[in-house]
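All letters in the sequence shown, in the order written, are residues 4 to 391 by the working numbering. By construction, the Cβ of each residue, glycine as well, lies at the ideal position given by its N, Cα and C atoms. Read the structure below first, then the notes.
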Amino acid sequence: MLNRTLLQISFLLAFSLYYTKLDAQMVKISFEMNMDTMEINKHVFTGLGETETYFRMNYGQAQITNPKALKYLKGKVIDEISLIYTDFPMGEDLEELNQRRLAALYSIIPDVFSSPVITWKLVKQTGCTSQTQAYDFFHGFAIRYHDAPSRASMALESSYIKDVLKGNVDLSDSSLFKVLERNKENWKAGLVVSDLTGSMSPYIAQLLLWFKLNENSNSFKHVTFFNDGDAKLTQDKKIGKTGGIYHENSIKWDKVAELAYLSMSNGSGGDGPENDIEGILSGAKACSDCKDIILIADNNSQVRDLKLLEKIDRPVHIILCGSLNSSGMRVKIEYLQLAYKTSGTIHTIEEDLTSLAQTNEGEVLNVAGHLFKVVKGEFIYLGKEKKA
Numbered sequence: 004m005l006n007r008t009l010l011q012i013s014f015l016l017a018f019s020l021y022y023t024k025l026d027a028q029m030v031k032i033s034f035e036m037n038m039d040t041m042e043i044n045k046h047v048f049t050g051l052g053e054t055e056t057y058f059r060m061n062y063g064q065a066q067i068t069n070p071k072a073l074k075y076l077k078g079k080v081i082d083e084i085s086l087i088y089t090d091f092p093m094g095e096d097l098e099e100l101n102q103r104r105l106a107a108l109y110s111i112i113p114d115v116f117s118s119p120v121i122t123w124k125l126v127k128q129t130g131c132t133s134q135t136q137a138y139d140f141f142h143g144f145a146i147r148y149h150d151a152p153s154r155a156s157m158a159l160e161s162s163y164i165k166d167v168l169k170g171n172v173d174l175s176d177s178s179l180f181k182v183l184e185r186n187k188e189n190w191k192a193g194l195v196v197s198d199l200t201g202s203m204s205p206y207i208a209q210l211l212l213w214f215k216l217n218e219n220s221n222s223f224k225h226v227t228f229f230n231d232g233d234a235k236l237t238q239d240k241k242i243g244k245t246g247g248i249y250h251e252n253s254i255k256w257d258k259v260a261e262l263a264y265l266s267m268s269n270g271s272g273g274d275g276p277e278n279d280i281e282g283i284l285s286g287a288k289a290c291s292d293c294k295d296i297i298l299i300a301d302n303n304s305q306v307r308d309l310k311l312l313e314k315i316d317r318p319v320h321i322i323l324c325g326s327l328n329s330s331g332m333r334v335k336i337e338y339l340q341l342a343y344k345t346s347g348t349i350h351t352i353e354e355d356l357t358s359l360a361q362t363n364e365g366e367v368l369n370v371a372g373h374l375f376k377v378v379k380g381e382f383i384y385l386g387k388e389k390k391a
């Protein structure tokens with residue numbers, strides 16, 4: 004990889020959409036995309052069929068040649084989409100071609116273009132030296148994904164948590180535990196609100212173990228768990244009424260553990276977005292005298308109900324899971340916004356961003372090597388910090 008910068012693409016195109024057996028129709032689209040750009044010699048296939056699938060295109064063309072690959076995304080949660088092309092003829096402006104390729108992808112999976120949780124990359128292959136060679140390079144989209152959680156997988160995660168609490172399994176990750184230890188004197192009369200969807204079991208195990216070892220701590224008063232709707236179908240999930248929220252007004256670790264197992268057994272998460280704000284508001288109502296709200300959030304998921312943010316009346320301190328500094332993953336903007344708007348804080352394994360609320364208009368914030376800027380009261384992503 005030679006570099007990575009922020010690329011903004013805007014386009015207005017007319018193209019044909021082929022849905023079922025309906026006649027083709029002309030549809031105009033116009034939007035902006037933020038795409039990290041990078042250069043490689045030649046794309047190498049790695050997780051094909053396991054964590055990655057591809058939509059192929061011929062050299063110099065914008066038509067998807069294998070649209071049936073869409074079936075491999077069924078039941079998957081998309082993490083990253085890369086548009087891969089070849090820099091040949093070298094230095095030629097290929098922006099229009101790549102815009103048509105994006106339009107082709109839009110024609111078969113338009114929902115991905117409105118998802119703030121997906122990372123987009125524009126990958127230029129620079130190892131091609133002839134037109135004949137260019138036909139052997141991959142062109143099109145590489146889509147990385149992970150399995151959507153199921154009841155069976157949640158049962159396995161519950162079993163893992165029980166083994167950790169019994170001492171049969173060592174923690175492979177201690178990020179959440181370390182954040183709680185660092186800040187337990189700062190959060191008084193706290194409400195703990197935690198995501199119990201997806202692959203949160205390593206962090207829930209840490210949370211329950213922390214409660215077990217700090218049972219007499221006066222830092223927390225109330226616990227709220229949410230699972231994004233008790234396995235409710237996506238089309239039935241309504242903002243503010245998704246459900247799957249569970250409360251416990253005791254911080255005795257065995258009661259908290261029992262509540263966690265109940266929440267996990269009743270839900271499977273399903274789609275990517277989660278009902279974080281609904282969980283916060285429900286917990287705050289159940290514990291009106293809780294002063295601080297500690298949100299344990301999955302940075303791999305987006306917030307389904309961010310529009311309810313203005314209803315929160317207390318600081319939200321967000322412990323981000325899946326955003327370790329060493330991973331290179333960036334903090335989701337919506338979590339920065341949530342902490343910023345509520346005068347709260349952001350916490351990762353290495354950093355405590357305690358002055359986030361004092362970030363001024365136009366100021367640039369560095370979070371784990373990623374740069375964000377406040378523009379009209381909202382955070383925008385600038386790209387990765389460039390090393391000197």
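Cβ distance (whole Å) where residue i is taken to contact residue j below 8 Å
{"i": "I297", "j": "G193", "result": "5 Å"}
{"i": "L311", "j": "L284", "result": "7 Å"}
{"i": "N69", "j": "L86", "result": "Actually they do not touch by this definition, with Cβ atoms about 16 Å apart."}
{"i": "V367", "j": "K379", "result": "Wrong, their Cβ atoms sit about 15 Å apart, outside the cutoff."}
{"i": "I81", "j": "F144", "result": "Contact doesn't hold; Cβ gap of about 11 Å is too wide."}
{"i": "K181", "j": "I352", "result": "6 Å"}
{"i": "L159", "j": "L179", "result": "At roughly 20 Å, the Cβ-Cβ gap does not stay under 8 Å, so L159 and L179 are not in contact."}
{"i": "M38", "j": "L125", "result": "5 Å"}
Backbone CA spacing between residue i and residue j [nearest angstrom]
{"i": "Q128", "j": "I299", "result": "39 Å"}
{"i": "Y384", "j": "T345", "result": "20 Å"}
{"i": "E98", "j": "K235", "result": "41 Å"}
{"i": "F223", "j": "E184", "result": "13 Å"}
{"i": "K71", "j": "I248", "result": "38 Å"}
{"i": "G131", "j": "N61", "result": "Note that residue 131 is Cys in the sequence shown, not Gly. Whole-angstrom Cα-Cα distance: 15 Å."}
{"i": "I112", "j": "T122", "result": "15 Å"}
{"i": "T89", "j": "F140", "result": "7 Å"}
{"i": "K314", "j": "C324", "result": "24 Å"}
{"i": "H373", "j": "M41", "result": "16 Å"}
{"i": "I207", "j": "I164", "result": "7 Å"}
{"i": "G243", "j": "R307", "result": "9 Å"}
{"i": "E337", "j": "Q305", "result": "7 Å"}
{"i": "A371", "j": "N186", "result": "19 Å"}
{"i": "G386", "j": "S253", "result": "43 Å"}
{"i": "Y148", "j": "G365", "result": "35 Å"}
{"i": "G270", "j": "F228", "result": "11 Å"}
{"i": "L262", "j": "N217", "result": "18 Å"}
{"i": "V167", "j": "T245", "result": "30 Å"}
{"i": "N302", "j": "T200", "result": "12 Å"}
{"i": "D233", "j": "V259", "result": "18 Å"}
{"i": "E277", "j": "L359", "result": "23 Å"}
{"i": "V226", "j": "F382", "result": "29 Å"}
{"i": "V172", "j": "K45", "result": "41 Å"}
{"i": "L265", "j": "Y57", "result": "38 Å"}
{"i": "I67", "j": "A107", "result": "7 Å"}
{"i": "S220", "j": "V47", "result": "51 Å"}
DSSP three-state assignment for residue i, whether helix, strand or coil
{"i": "N328", "result": "Here N328 scores only 46 on pLDDT, less than 50, and its place in the model is too uncertain to base an answer on."}
{"i": "W123", "result": "strand"}
{"i": "V115", "result": "helix"}
{"i": "Q128", "result": "strand"}
{"i": "S346", "result": "coil"}
{"i": "L311", "result": "helix"}
{"i": "G380", "result": "coil"}
{"i": "T56", "result": "strand"}
{"i": "D166", "result": "helix"}
{"i": "I322", "result": "strand"}
{"i": "N101", "result": "helix"}
{"i": "L174", "result": "coil"}
{"i": "K71", "result": "helix"}
Residue span of the alpha helix (DSSP H) that contains residue i, given as start and end
{"i": "W213", "result": "S204 to L216"}
{"i": "Y88", "result": "Segment K79 to T89 is the beta strand (DSSP E) holding Y88; no alpha helix (DSSP H) there."}
{"i": "I299", "result": "Note, I299: premise wrong, no alpha helix (DSSP H); beta strand (DSSP E) at I296 to D301."}
{"i": "T135", "result": "Q134 to A137"}
Test: residue i CB closer than 8 Å to a CB of chain B
{"i": "T200", "result": "This model lacks chain B altogether, as it is built from one protein chain only."}
Opening and closing residue of the beta strand (DSSP E) in which residue i lies
{"i": "F144", "result": "G143 to D150"}
{"i": "V196", "result": "G193 to D198"}
{"i": "N44", "result": "No beta strand (DSSP E) contains N44, which DSSP labels as neither H nor E."}
{"i": "V182", "result": "Per DSSP, V182 belongs to no beta strand (DSSP E); it is in the alpha helix (DSSP H), S178 to N186."}
{"i": "N369", "result": "V367 to V370"}
Residue i beta carbon near the ligand MN (any heavy atom closer than 7 Å)
{"i": "I248", "result": "In the structure on display, the ligand MN does not appear, and there are no ligands present to speak of."}
Can you list the alpha helix (DSSP H) stretches of 4 or more residues lying completely in the region 230 to 290, in chain order? Entirely contained in the region 230 to 290, the alpha helix (DSSP H) runs reaching 4 residues are, in chain order, 256 to 269 and 279 to 289.
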